[in-house]
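What follows is a single structure, written as structure tokens, with notes after it.
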Amino acid sequence: MFTTREMQDEIIRLKKEKDICILAHAYQSHDIWEVADYVGDSFGLSQQAAKAPQKTMLMCGVRFMAETVKILSPEKTVLLSNRAAGCPMAEQMDVEMISAVKAQNPDYTVVAYVNTTSELKTICDVCVTSSSAVKIVKNIPNKNILFIPDCNLGQWVAEQVPEKNIRLLQGGCPTHVRMTVKDVERAKKLHPEAKLLVHPECLPAVTAMADYKGSTTGIMDYAKNSDAKEFIIGTENSIVSHLQMECPDKKFYPLSKDCVCHNMKLTTLADVYQCVQGVGGEVIELDENIRLGAKRCIDAMLELG
Ligand code: 13P
Ligand code: SF4
2 MFTTREMQDE IIRLKKEKDI CILAHAYQSH DIWEVADYVG DSFGLSQQAA
52 KAPQKTMLMC GVRFMAETVK ILSPEKTVLL SNRAAGCPMA EQMDVEMISA
102 VKAQNPDYTV VAYVNTTSEL KTICDVCVTS SSAVKIVKNI PNKNILFIPD
152 CNLGQWVAEQ VPEKNIRLLQ GGCPTHVRMT VKDVERAKKL HPEAKLLVHP
202 ECLPAVTAMA DYKGSTTGIM DYAKNSDAKE FIIGTENSIV SHLQMECPDK
252 KFYPLSKDCV CHNMKLTTLA DVYQCVQGVG GEVIELDENI RLGAKRCIDA
302 MLELG
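Going by the numbering used here, the first residue of the sequence shown is number 2, and it counts up by one from there.
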């Protein structure tokens, strides 16, 4: 039987031997972070995927993230470390539904949060992530924007870019919407000196009470660089423990103990070990027409962001 450290050492040895790049989303556990070549938010992962030299990319995150890597690097073998790890938000809207909305709104530019299926991206104009959404929407020449699927992120973008006419649909992250104004009131009462940092996937009423709103990487950078000593974290709770490890002289509190993404939590270090051994994960394959259609949307994001 391996200890965690021995398994990590074996993963590091095998990934070098087999030319594998391990990409880990910020919501992955710390034992996975320690073996990763790159850890970051969705935007950072897609940028890294486009330039990493390795022949095989192992995504520790959810399915749409692995698909994004395959879209950008079709010549590479792309593995999703746990085949069951999906994003419920990415499954909320499909081609049929958005085609119908587009037909009713022909003069709108369709902006898709990257948390969408590859198939849906083929009928959208440009992708965004939480860290690039405001900048990209500002840079779109059209005034009329249909923003899918997350209406909470879309609402936050609309507030930052009031010159645009932004239309939203009812979609969102089931994990982030669990955090309520009551949670904020409770946490602020318990920790009156703490700064509140939230992800824009949270409900607008929660986001409005925050000292800082941003992507997972944005939240971590803010906390690390701030002079404040205490923080209430309004995003997936793994960020609380990562920050506590990285800044032991500061204190971090979860906004709600319920903010857990069970999909992100599916991947374990043992999954990563099996993948680098060549016996685990799912090899991502995409139909070439879908890949090219989705690539247009992601390329637009990388150019504008
Ligand atoms: P970011 O990685 O853009 O912060 O988004 C968080 C998220 O929920 C990813 O699914
Ligand atoms: Fe999807 Fe929300 Fe989980 Fe992110 S946190 S992967 S948006 S369900």
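A virtual CB, placed ideally from N, CA and C, is assigned to each residue, including glycine.
Integer-rounded CB distance, given that residue j should sit under 8 Å from residue i
| i | j | result |
| --- | --- | --- |
| Leu287 | Ile72 | 7 Å |
| Thr268 | Ser82 | 5 Å |
| Cys174 | Asp151 | 6 Å |
| Gly235 | Leu198 | 6 Å |
Bounding residues of the beta strand (DSSP E) (the contiguous stretch that carries residue i)
| i | result |
| --- | --- |
| Leu267 | Note, Leu267: premise wrong, no beta strand (DSSP E); not H, not E. |
| Arg84 | From DSSP, Arg84 is part of no beta strand (DSSP E); its letter is neither H nor E. |
| Glu231 | 231-235 |
| Thr110 | 110-114 |
| Tyr39 | 39-41 |
heavy atom of the ligand 13P below 7 Å from residue i C-beta
| i | result |
| --- | --- |
| Ala53 | no |
| Ala307 | Given that the chain is displayed from residue 2 to residue 306, the structure contains no residue 307 and the question cannot be resolved. |
| Val63 | yes |
| Glu92 | no |
| Ser43 | yes |
Contact test: residue i Cβ vs the ligand SF4 heavy atom, cutoff 7 Å
| i | result |
| --- | --- |
| Asn264 | yes |
| Glu11 | no |
| Leu164 | Position check: residue 164 holds Glu in this sequence, whereas Leu was assumed. No, Cβ of Glu164 sits at least 7 Å from all heavy atoms of the ligand SF4. |
| Asn83 | no |
| Pro107 | no |
| Asp142 | Asp is not the amino acid found at residue 142; the sequence shown has Pro there. No, the beta carbon of Pro142 sits no closer than 7 Å to any heavy atom of the ligand SF4. |
Sheet register partners of residue i (DSSP bridge)
| i | result |
| --- | --- |
| Ile137 | According to DSSP, which records beta bridges pairwise, Ile137 is partnered with nothing at all. |
| Thr57 | Ile21, Thr78 |
| Arg168 | Leu147 |
| Lys196 | Phe232 |
| Cys128 | Ala113 |
| Glu283 | Leu81 |
| Lys214 | Val199 |
| His26 | Gly41 |
Any non-hydrogen atom of the ligand SAH within 7 Å of residue i CB
| i | result |
| --- | --- |
| Glu18 | In the structure on display, the ligand SAH does not appear, and the ligands it does have are the ligand 13P and the ligand SF4. |
Delimiting residues of the alpha helix (DSSP H) encompassing residue i
| i | result |
| --- | --- |
| Phe253 | First-last for Phe253: 252-255, but that is the beta strand (DSSP E), not the alpha helix (DSSP H). |
| Ala159 | 152-161 |
| Cys88 | Note, Cys88: premise wrong, no alpha helix (DSSP H); not H, not E. |
| Met98 | 96-105 |
| Thr69 | 64-73 |
| Gly294 | 289-305 |
| Leu244 | 239-247 |
| Glu120 | 119-122 |
Does the segment 91-108 come close enough to the segment 290-304 that 3 or more CB-CB pairs lie under 8 Å? no
Between the segment 111-122 and the segment 146-160, can you find at least three pairs of beta-carbon atoms closer than 8 Å? yes
Would the segment 136-144 and the segment 168-182 be scored as touching if the rule is three or more Cβ pairs under 8 Å? no
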